[in-house]
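Using my numbering, read the sequence shown as starting at 1331 and increasing by one per residue. Just so it is clear, CB atoms sit at the ideal spot from N, CA and C, and this is done for glycine as well.
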Amino acid sequence: MGAYEKFAQVYDLFMDNIDYEEWADYITDHLKRYGIEDGLVLELGCGTGTMTGLLADRGYDMIGVDNSGEMLAEAMEKRMESGQDILYLQQDMQEFELYGTVRAIVSVCDSLNYITEREELLQVFRLVNNYLDPEGLFLFDMNTIHKYRDILGDTTIAENRDEGSFIWDNSYDPENGLNIYELAVFLPREDGLYEKAEEVHCQKAYSQEEIEELIREAGMELLEVYDAYTGRPAADDSERLFFIAREKGKAK
């Protein structure tokens, strides 16, 4: 099995509990509520392009940005199979560049939690504001302190499935707000043996107040905050929050 195929299997095995169709409907409903029914939309941290493709299916002209060549290879394979016209760019979120502005920017699956320094996240938000059309929307989700501290904490999760198995060792440091998980995935081979793949991920827990402050510092206007993908108000026991912000300052 090549590195590309192995990576795709690892990603699909570990992320298969996400209802992307439901999330795409949720995002689309909010875009339309603010009058964005079509046009250019950018997904930051697009990964293997699942959400990018679903939003393209819903009538948006999609651009996907990700720093991982392996993930983008999978995304472009999906694009070829679907026949969709999606532009994928391999760029760091902290330095992304576009040829012009877009109507909306989205980021899902806690991609922004991977930015572990406040000033670096502020830089991403400033770039978002720069590349949004006048009054364009920024919609994104982030895991909460409650999820990292009280749900994940210092735990080990192991699962056996037909398509493979994984062991997830998680640790959370409340002093610096960093959550680290070491993931070992065991993928079956044609000869009956298993191949092991390992990854280490580090994410930062930001408070709701910190994110709202960063939105304002970047020059955007905060519109709404929800318990992600439920429509319920944000609460102390929310595991993931969904933010909607709007570009502020450009002339129409």
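Chain-order list of residues whose beta-carbon lies under 7 angstroms from that of residue i (same chain, five-residue window excluded)
i: residue 1444; result: 1533
i: residue 1471; result: 1438, 1440, 1558, 1570, 1571, 1572
i: residue 1583; result: The requested residue 1583 does not occur in the structure, where the chain is confined to residues 1331 to 1582.
Buried/exposed call for residue i, threshold 16 Cβ in 10 Å
i: residue 1360; result: buried
i: residue 1525; result: exposed
i: residue 1536; result: buried
i: residue 1482; result: buried
i: residue 1362; result: exposed
i: residue 1435; result: buried
i: residue 1375; result: buried
i: residue 1429; result: exposed
i: residue 1545; result: buried
i: residue 1416; result: buried
i: residue 1412; result: exposed
i: residue 1561; result: exposed
i: residue 1579; result: exposed
i: residue 1523; result: exposed
Contact check, residue i vs residue j, beta carbons under 7 angstroms
i: residue 1462; j: residue 1577; result: yes
i: residue 1366; j: residue 1433; result: yes
i: residue 1585; j: residue 1406; result: Because the chain spans 1331 through 1582 in this model, residue 1585 falls outside it and cannot be assessed.
i: residue 1440; j: residue 1473; result: yes
i: residue 1575; j: residue 1550; result: yes
i: residue 1382; j: residue 1369; result: no
i: residue 1442; j: residue 1420; result: no
i: residue 1458; j: residue 1424; result: no
Cut-off 6 angstroms between Cβ atoms - residues of its own chain near residue i, not counting five sequence neighbours on either side
i: residue 1380; result: 1350
i: residue 1497; result: 1488, 1514
i: residue 1512; result: 1499, 1530
Beta-bridge partners of residue i, as assigned by DSSP
i: residue 1501; result: 1510
i: residue 1494; result: 1491
i: residue 1389; result: Bridge partners of residue 1389: none, in fact.
i: residue 1556; result: 1563, 1572
beta-carbon residue i near the ligand ADP non-hydrogen atom, thresh 6 angstroms
i: residue 1520; result: Looking for the ligand ADP in the displayed structure turns up nothing, as the structure carries no ligands at all.
Cutoff 8 angstroms; reference residue i; Cβ partners in own chain excluding five residues on either side
i: residue 1385; result: 1354, 1357, 1358, 1371, 1373, 1392, 1436
i: residue 1334; result: Reliability of the predicted coordinates at residue 1334 is poor, the pLDDT of 41 falling under 50, and no value is obtained from them.
i: residue 1564; result: 1538, 1555, 1556, 1557, 1571
i: residue 1504; result: 1479
i: residue 1486; result: 1497, 1498, 1499, 1500
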